[in-house]
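See below for the structure under consideration.
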Amino acid sequence: KAGVTQTPRYLIKTRGQQVTLSCSPISGHRSVSWYQQTPGQGLQFLFEYFSETQRNKGNFPGRFSGRQFSNSRSEMNVSTLELGDSALYLCASSTEGAALGYTFGSGTRLTVV
Amino acid sequence: TQLLEQSPQFLSIQEGENLTVYCNSSSVFSSLQWYRQEPGEGPVLLVTVVTGGEVKKLKRLTFQFGDARKDSSLHITAAQPGDTGLYLCAAKETSGSRLTFGEGTQLTVNP
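Structure below.
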């Protein structure tokens, strides 16, 4: 079966712009989580969605938001981009949540210039 | 938020050597997972351990969960260049649904 698909793979944006990243989970997976990965901070939890509801949120400013659609596809949005938002953004899906592990997508590499 | 400490951060060894990576915390976890990540890709789940004292084997990899469910180790026997990658431990809190990741161990196995 198809894995977790993230689009786009690479993105270059200018400071102050906004960006939307997309994630299609494995068919049948209702839980989608987003992580930010940087060399200095490692993987940091952004938020988790389950059946269109945000179930958990990490310690990121309100510029970071997300949503999940009825088909479990998810998007995350970052407004007013800053240089420090440059990172690999990873989406992960599972049937029920984190307990037994996630399947990750290949990520979206965002560069803010 | 609980912290996961992984050690060592970097490890460079020769093909055929054995190695152990550690993952420690002061908190109790309901489950702990190990992932391997290669450059430009997302992490890939290797194993999930849920019971204190549990040992799981995956070919040359042996994973152990501490009796108190606060720590874990990953042991690789006779490492091969294909084992090169970033190894991440991740723990699920006893309540809540988020995973907390360690900073990772960058393993390089030289031929």
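Protein chains in written order, with this note's numbering: chain A, 4 to 116; chain B, 3 to 113.
All C-beta atoms in this analysis are idealised placements derived from N, C-alpha and C, irrespective of residue type, glycine included.
DSSP three-state assignment for residue i, whether helix, strand or coil
i, result
"L205/A", "Within the shown structure, residues of chain A are numbered from 4 to 116, placing residue 205/A beyond reach of any answer."
"D73/B", "strand"
"G69/A", "strand"
Segment limits, beta strand (DSSP E) that includes residue i
i, result
"S32/B", "31 to 39"
"A92/B", "87 to 95"
"R58/A", "56 to 60"
"L49/A", "45 to 53"
"V115/A", "111 to 115"
"K59/B", "57 to 60"
"L5/B", "No beta strand (DSSP E) contains L5/B, which DSSP labels as neither H nor E."
"S25/A", "22 to 27"
"E78/A", "77 to 81"
Residue i beta carbon near the ligand SAH (any heavy atom closer than 7 Å)
i, result
"S34/A", "Judged by which ligands are present, the structure shown has none, so any question about the ligand SAH falls away."
Where residue i meets chain D, residues with beta-carbon distance less than 7 Å
i, result
"P45/B", "Among the protein chains of the structure shown, namely A and B, there is no chain D."
8 Å Cβ cutoff, residue i in contact with chain A
i, result
"G106/B", "yes"
"K61/B", "no"
"K94/B", "yes"
"R100/B", "yes"
"G35/B", "According to the sequence shown, residue 35/B is Gln rather than Gly. Q35/B counts as touching chain A."
"F65/B", "no"
"G103/B", "The sequence shown places Phe at residue 103/B, rather than the Gly named in the question. Chain A contact via Cβ: present."
"E29/B", "Per the sequence shown, residue 29/B should be read as Ser rather than Glu. S29/B does not count as touching chain A."
"S32/B", "yes"
"T86/B", "no"
"T53/B", "no"
"T79/B", "no"
"T110/B", "no"
Of the residues the options, the one placed nearest residue i, counting alpha carbons only
i, options, result
"E51/A", "V111/B, L101/B, L63/B, L109/B", "L101/B"
"P41/B", "G87/B, P83/B, G104/B", "G87/B"
"Q82/B", "V30/B, Y37/B, P113/B, T22/B", "P113/B"
"S30/A", "I15/A, G100/A, R76/A", "R76/A"
"K61/B", "L109/B, F31/B, H77/B, P10/B", "H77/B"
"S25/A", "A101/A, R66/A, V81/A, S89/A", "V81/A"
"F53/A", "V7/A, S109/A, L103/A, V35/A", "V35/A"
"F31/B", "V23/B, L5/B, Q16/B", "L5/B"
"V52/B", "A101/A, G19/A, G108/A, R112/A", "A101/A"
"A90/A", "R70/A, L46/A, G108/A, R66/A", "L46/A"
"H32/A", "I15/A, S109/A, T8/A", "T8/A"
"K58/B", "Q35/B, K72/B, A80/B", "Q35/B"
"C25/B", "F67/B, E43/B, E17/B", "F67/B"
Any chain B beta carbon closer than 8 Å to residue i
i, result
"Y59/A", "One detail in the question is off: residue 59/A reads as Asn in this sequence, not Tyr. True, the Cβ-Cβ gap to chain B drops below 8 Å."
"E55/A", "no"
"G110/A", "yes"
"A101/A", "yes"
"L46/A", "yes"
"L93/A", "yes"
"G104/A", "yes"
"E78/A", "no"
"E85/A", "no"
Residue i and residue j closer than 8 Å at C-beta
i, j, result
"S97/A", "M79/A", "no"
"S27/B", "A93/B", "yes"
"S99/B", "N59/A", "yes"
"R18/A", "L84/A", "yes"
"G55/B", "D69/B", "yes"
"Y105/A", "L48/B", "no"
"L93/A", "Q44/A", "no"
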